[in-house]
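This report concerns only the one structure given below.
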Amino acid sequence: MTADSTPALVQIADADTDGPAQSGPSAAHGPRARNTKAYLQYVATKIAGAAVSLFAVLVTSFFLFRLIPSDPVKQMTGGRPVSAEQLQSLRHQFGLDQPMWQQFTSYVGDALTGDFGTSFQFHAPVIDKITEALPATLLLTGTSYVLYTALGIWLGTRTAWRNGSMSDRFNTAFALTLYSVPSFWLGLLLIIVFAVGIGPIPGMFPTGGLESGNETGFAYVLDVAHHLVLPVITLVAVGYAQTLLVMRSSLLDEMGSDYLTTARAKGLRDDVVRRKHAVPNAMLPTFTLMFVNLGHVVAGQILVETVFSWPGLGGLFYQALSVPDLPLVQGLFFVFATAVILANTLADVLYPLLDPRVGR
Amino acid sequence: MVERVPPRSAQPRSRLRVLLASGAAALALAAGSIVPGVPLGAAPQQAQAADGGKSTLTVAVAQSVDSLSPFLAQKLMSTSISRLMYDFLTNYDPKDNHAVPGLATKWEPSADKLTWTYTIRSDSKWSDGQQATAEDAAWTFNKMMTDEGAAQANGNFVANFKKVTAPSPTQLVIELKQPQATMAALDVPIVPKHVWEKVGDFSKFNNDKTFPIVGNGPFILTDYKVDQYVKLKANKDFWRGKPKFDELVFKTYKDQDAAVAALRKGEVSFVAGSPALTPAQAASLKGEKNVKVNEGPGRRFFALATNPGAQTKDGKKFGNGNKALLDQKVRQALFLSIDRKTIIDKVFQGHAVEGQGYIPPRFSAYHWQPTAEQSLAYDPAKAAELLDEAGYELKGDQRVGKDGKPLDLRILCHATDPNDKAIGKYLKEWWGKLGIGLKVDCLDDVSVPWYAGEYDLAFDGWSVNPDPDFVLGIHTCAALPAKAKDSASTDNFICDKKYDELYKKQLAEYDPAKRAEIVNQMQSWLYDSGYMNVIAYPNAVEAYRTDQIKSITTMPEAAGNIYGQDGYWSWWSAAPASGGSSDGSGGSNSTGVVIGIIVVVVVLAGGGLFIAMRRRNTADDRE
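Protein chains in written order, with the numbering used here: chain C, 157 to 516; chain G, 163 to 785.
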């Protein structure tokens, strides 16, 4: 996973022997055949590692949620007039009356064929429930991901370049302040100010949900975009500081390098020195962070999804956990973990292309 | 590194630029949608004008739908919607909860009490035009009796049925194994046979793929988006009369503060609260223009239960309940030292009524109150006396039993309910003064230790139905688990011969007044036993917009609640105010347009300035 490769990367980078020429993916050189073979070998080990992790996740998810001291049947029917026969029948239908090992083997067997069972509370296949909620989550967290990453890199670059200036101090402090704000609180504040309206500010945005429910075609797209604004602002506000700080500190590291002096000595404009020379070299740690965050895009944001009543995976996970709806929590946990593992594996596989020193 | 900073001269401009840039980024994000906000804000009004001013009632709900199949739905949100989609045989009067006609106009028992004959109305039509008949009802009950998958949600209602037939389209005959007084309280949605007989596996059919869903209730379900909304339209042919709103929308708000914000704005017409608005939310809405906070008696009771010694149906003891609680005097002493008024004032902040009998006052026919002499009202001195009598003497500041062990108790509390925790603190204090130690165990799900009988006391509570049979039945020996730790329908392992006899008697008593008398005796027994003591009846606290809803029927009619009634009265009766309905879109119409334009202008100006400065900077570099 990325964690393995990053320290190595940083150590080598610290040695600071690289020049601007090595800054891009095109930098791969040397005897091609040998390199390709080594690279494929490297990729194979990473993929094998990911497969092992995935299997471990599959097994863990079964036991992890059975540790919750809870009775799904009792919880589901809580407060309703149900007879002992009904409870027994539900228990039987859910397979909860089988011995643990039997439940486990059938779970693993089914999961390996891609079947995560039927949700207890929704009476629908787990896969259907997940694919139903996935687009909403991808839309929300994906949009925010792109925006906060872009904003973070951009502001990180600016603040580092103008290190110590007013704007640097202001932007860093501002980002850190937002970073420490609880997302649900910020979301609620935005709802009160910009959705309901306060004083001279009128309510401009919907208070929650993904759509109004009465639009079609292009109007529907606009409607969804309208609903997307406040939750995205919340996630971007709380999220961009991370990227900003990583970008800022890695660029600050680069700024002492001799190749920048060389570049300046060549008479290059400050903008060009920054864009073409410093930033590409400073991007590597940010790439690591980007991939880590990418893995979390799927997991959704339980708190923000709740405050804005967003029909995504985060909310589904919460509902599943409160029962606990075992097949659904297992399925979701597996999907979340898979996304992180895949994103990390992708990072591992791409690194040698971005920086040939990795994976050698 | 400082020397790497470019010449000072460039700084003031750049600083401004970065500041501007960060602001512009946020604005750009907003702009992306303000522009769409312009047409959107205006759209609903146009839509309303186009179709002759369609009135919509939007209800903010916290729960999501678990299933739209009445055979599977367990959550209140889903069962409430079933109520609106399908007619039941009978309904409950909004004034006093007595049974009134639904799909059946008349119901009569035979002389031997074992056969009930229902007359089915001939003026109820399914929304696809077919006549609703006794055959539909018979088919629905028979399906539940023969198919385990169809018995999941409501199987308890047919457990005592022997045979159900429909000799004619207007006559339904139900034969029973044992007499059953609850036959006018069968809360089972009757579904159209011609639609549902095509369903294969009832345990997996959610009734949520084709719309509109064929029904015969006051509303017809037209659209459903998971976790977002359920839309229903008024059934113009409903036999009791057409609902006054054209459309009813249940919109999911997972966060109650957000739902309250939506009400304030007028995006929703009604907020139910789950289970009630918090005292802070209610207080904040009280002064609000065009908002009415409605507070009515709830259907729940909030009680303390004592472990009477957990046992199985065949009398095998299990669990580890404190033996001291097997003494009635100790149990009563505990309840005598509870200051209910303080709990109502401090914990419920006035939004509850002091508890007495088992069935809440909302159900007036069955509500019972203890006599002055049996009352366990707050009296710590008497509590101390009872403990002395029971042999628990005060040594130092501790009550010590005859075996020399101090009296230390545990209470199971729901970690998800802040009231449990707060009351736990008071109990600790009050019982501590008596010399009794208390440990408050708060868990997310108390059912595991509870069903293992591993508790001394527990916070308990049930939602009560107009017919009290179920909440009475959970204290009978028949409800005990077959095996230790099995989940069963028992509430608190109570098993008593006298109580069981009374239970059987009330179930076989078809005269309402006589039955109520037996139910009162059962409540009296339960109260004296000290196995269970009702502390409070929490109120239902909800709010609606008076500029959208002109009038709405509460239940009980005099001063009752709106969401989760027994029946469809509230939504069926709600009348739109002349001001119009919830716009649902979130665009604030003309002001939204103005603001949208202003923001776009600001963004464009900012962007222009940004580009201009960038050019100048580049020019600086070139020099």
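Even glycine gets a Cβ: it sits at the ideal position worked out from N, Cα and C.
Only a predicted model underlies this, so the values are computations on that prediction, with no experimental measurement involved.
query                                                                                                                 : result
D629 of chain G to A235 of chain G span [Cα, whole Å]                                                                 : 20 Å
Proximal residues of chain C, C-beta to C-beta of L234 of chain G below 7 Å                                           : H279
For P358 of chain C, the nearest candidate out of C:F330, C:I348, C:E367 (CA to CA)                                   : C:I348
Any 3 or more C-beta pairs closer than 8 Å across the stretch 198-206 of chain C and the stretch 281-289 of chain G   : no
Partner residues on chain C for G677 of chain G, Cβ-Cβ distance less than 7 Å                                         : What sits at residue 677 of chain G in the sequence shown is Arg, not Gly. Residues of chain C passing the Cβ test: none, with the nearest at roughly 18 Å.
CA-to-CA distance, I382 of chain G to L466 of chain G, given in whole angstroms                                       : 42 Å
Simplified DSSP state of A207 of chain C, which is helix, strand or coil                                              : helix
Through-space distance from M360 of chain C to F432 of chain G, alpha-carbon basis                                    : 21 Å
is_contact[Q390 of chain G, chain C] using C-beta, thresh 8 Å                                                         : yes
Of the listed residues G:T468, G:R426, G:G460, G:A534, nearest to G449 of chain G (C-alpha basis)                     : G:R426
E671 of chain G - containing beta strand (DSSP E), residue span                                                       : Here E671 of chain G belongs to no beta strand (DSSP E), and DSSP marks it neither H nor E.
Selection of the stretch 586-608 of chain G by Cβ proximity to chain C, strictly under 8 Å                            : L605, D606, D607
Limits of the unbroken beta strand (DSSP E) element including Y693 of chain G                                         : Note, Y693 of chain G: premise wrong, no beta strand (DSSP E); not H, not E.
Simplified DSSP state of V756 of chain G, which is helix, strand or coil                                              : Note that V756 of chain G scores a pLDDT of 44, beneath 50, so its modelled location is shaky; the value from the coordinates is reported in the next line. In the structure shown, V756 of chain G sits in a helix (DSSP, three-state: H, G or I).
DSSP beta-bridge partners of Q536 of chain G                                                                          : None; Q536 of chain G has no bridge partner.
is_contact[N318 of chain G, chain C] using C-beta, thresh 8 Å                                                         : yes
Beta carbon of A493 of chain C nearer than 8 Å to that of N368 of chain G                                             : no
Sub-8 Å separation of S217 of chain G and D399 of chain G beta-carbons                                                : no
Rounded separation between A329 of chain C and L472 of chain C - CA only                                              : 35 Å
Within-8 Å CB hit, S240 of chain G to chain C                                                                         : no
Within chain C, partners of F632 of chain G - CB distance below 7 Å                                                   : P237
Interface flag, D227 of chain C vs chain G, CB-CB below 8 Å                                                           : yes
G270 of chain C, buried or exposed, once every other Cβ within 10 Å from all chains shown has been counted against 16 : exposed
Residue range of the unbroken alpha helix (DSSP H) whose run includes T241 of chain G                                 : 238-247
Of the residues G:G599, G:K339, G:F233, the one placed nearest A315 of chain G, counting alpha carbons only           : G:F233
Where K503 of chain G falls: helix, strand or coil (DSSP)                                                             : helix
CB contact check: Q242 of chain C to chain G, cutoff 8 Å                                                              : yes
I203 of chain C at chain G interface by Cβ criterion, 8 Å                                                             : no
H576 of chain G - partner residues in DSSP beta bridges                                                               : G:L605
Residues within the stretch 404-416 of chain G neighbouring chain C, beta-carbon criterion of under 8 Å               : V411, K413, T414, Y415, K416
Nearest-angstrom beta carbon gap, G308 of chain C and L400 of chain C [assumed within contact, 8 Å]                   : 4 Å
Proximity of V496 of chain C and G468 of chain C at Cβ, strictly below 8 Å                                            : no
For Y613 of chain G, the nearest candidate out of G:S240, G:G483, G:V626 (CA to CA)                                   : G:G483
For G599 of chain G: DSSP bridge partner residues                                                                     : G:D570
Cβ shell of Q111 of chain C (< 6 Å), same chain only, five flanking positions each side left out                      : This structure cannot speak to residue 111 of chain C, because chain C is shown only from 157 to 516.
Rounded separation between R404 of chain C and I389 of chain C - CA only                                              : 22 Å
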